[in-house]
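Novice: Residue numbering for the sequence shown follows the numbering used here, starting at -6 and increasing by one per position. Think of the CB as a built atom: it goes at the ideal place given N, C-alpha and C, for glycine as much as any other residue. I'd like to ask some things about the structure below.
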Amino acid sequence: PRRLLVGAPWDGDRQGDVYKCRVGPPNATCTKANLGSAAPWLAPLPGHSVHLGMTLLDSKDGGFVACAPLWSQECGTSVFSTGICARLDADLRPVGTIAPTAQRCSTYMDIVIVLDGSNSIYPWYEVQNFLSNVLSKFFIGPGQIQVGVLQYGERAVHEWVLGRYRTAAEVVEAAKNISRQEGRETRTAFAIRQ
-6 PRRLLVGAPW
4 DGDRQGDVYK
14 CRVGPPNATC
24 TKANLGSAAP
34 WLAPLPGHSV
44 HLGMTLLDSK
54 DGGFVACAPL
64 WSQECGTSVF
74 STGICARLDA
84 DLRPVGTIAP
94 TAQRCSTYMD
104 IVIVLDGSNS
114 IYPWYEVQNF
124 LSNVLSKFFI
134 GPGQIQVGVL
144 QYGERAVHEW
154 VLGRYRTAAE
164 VVEAAKNISR
174 QEGRETRTAF
184 AIRQ
């Protein structure tokens, strides 16, 4: 049976998809590939369109290549629109990815925040809000940025060590739950030596 591939780059709120249609009979139907579900790595960043299916290419082995020219990758607070292509078999199943310009983000950092938790800091919720706001800006993840927090007052306590939390959302949630140590002394130099 003959088939026709149809790219639908505006399908699904501009995310795009591909349809395989039978050619010939008057009641011919089309099958949607649902590539967003079948290949999660093709999913766009929130609020971005990728237009998958804007380019289709026969791969000479019964399958084809579908490209999403607006696919983006996020590195920290920067977004790079590198484009991506998916290799699909004759049954519209993804069998590989072609992303020649996608690369690993070069934001490797270890950050340890030294936090004054003595009684001289008030109100504490403002410290938690500030910490959450700052941490939400970092691209935290394996092979990227790791964050640790050391709180001090009369003594120093490691609230969490580098790499304990693997996403910005986890770190922000942990920051909201840090309790103040309190105490009568603020031993800043002692904490920094820790």
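Helix, strand or coil for T181, going by three-state DSSP, please let me know.
Specialist: Residue state, collapsed to three classes: helix.
Novice: Can you give me the start and stop residues for the beta strand (DSSP E) that Y145 sits inside?
Specialist: Where Y145 is concerned, the enclosing beta strand (DSSP E) stretches over I138 to Y145.
Novice: Touching or not, the region 40 to 54 and the region 3 to 23, by the rule of three or more beta carbon pairs under 8 angstroms?
Specialist: Yes: the two stretches touch, three or more of their Cβ pairs being nearer than 8 angstroms.
Novice: Quick one: measure Cβ to Cβ for L(-2) and K13, integer angstroms, because I've assumed they're closer than 8 angstroms.
Specialist: Indeed, because the Cβ distance is near 6 angstroms, the residues count as touching under 8 angstroms.
Novice: Among the candidates A1, V142, Q187 and S65, whose CA atom is the shortest distance from the CA of V165?
Specialist: Out of A1, V142, Q187 and S65, V142 has the C-alpha closest to the C-alpha of V165.
Novice: Got a sec? Which residues, its chain only, sit under 7 angstroms from P135 by beta carbon, not counting five neighbours each side?
Specialist: Answer for P135: R159, listed in chain order.
Novice: How big is the Cα-Cα spacing for F131 and P62?
Specialist: The alpha-carbon atoms of F131 and P62 are separated by roughly 26 angstroms.
Novice: Quick check on this structure: which residue in E152, V127 and D84 has the alpha carbon closest to the alpha carbon of V58?
Specialist: Of E152, V127 and D84, the residue nearest in Cα terms is D84.
Novice: If you run the structure through DSSP and keep just helix, strand and coil, what is D54?
Specialist: Coil, per DSSP.
Novice: Leaving out five residues before and five after A31 in sequence, what residues of the same chain have Cβ atoms less than 8 angstroms from its Cβ?
Specialist: Around A31: L85, R86 and P87.
Novice: With a 10 Å radius around its C-beta and 16 neighbouring C-beta atoms as the bar for buried, classify S113 as buried or exposed.
Specialist: Looking at its Cβ environment, which holds fewer than 16 other Cβ atoms inside 10 Å, S113 is exposed.
Novice: Measuring CA to CA, which of A21, V154, E147 and G76 is closest to D109?
Specialist: Out of A21, V154, E147 and G76, E147 has the C-alpha closest to the C-alpha of D109.
Novice: Out of Y145, A167, A79 and Q174, state which residue places its alpha-carbon closest to the alpha-carbon of R182.
Specialist: As written in the sequence, residue 182 is Ala, which differs from the Arg given in the question. Looking at the Cα atoms, Y145 is the closest of the given residues.
Novice: Would you mind giving the Cβ-Cβ distance between R80 and S52, rounded to the nearest angstrom? I have them listed as a contact below 8 angstroms.
Specialist: Going by Cβ atoms, the distance from R80 to S52 rounds to 6 angstroms, so yes, they are a contact pair.
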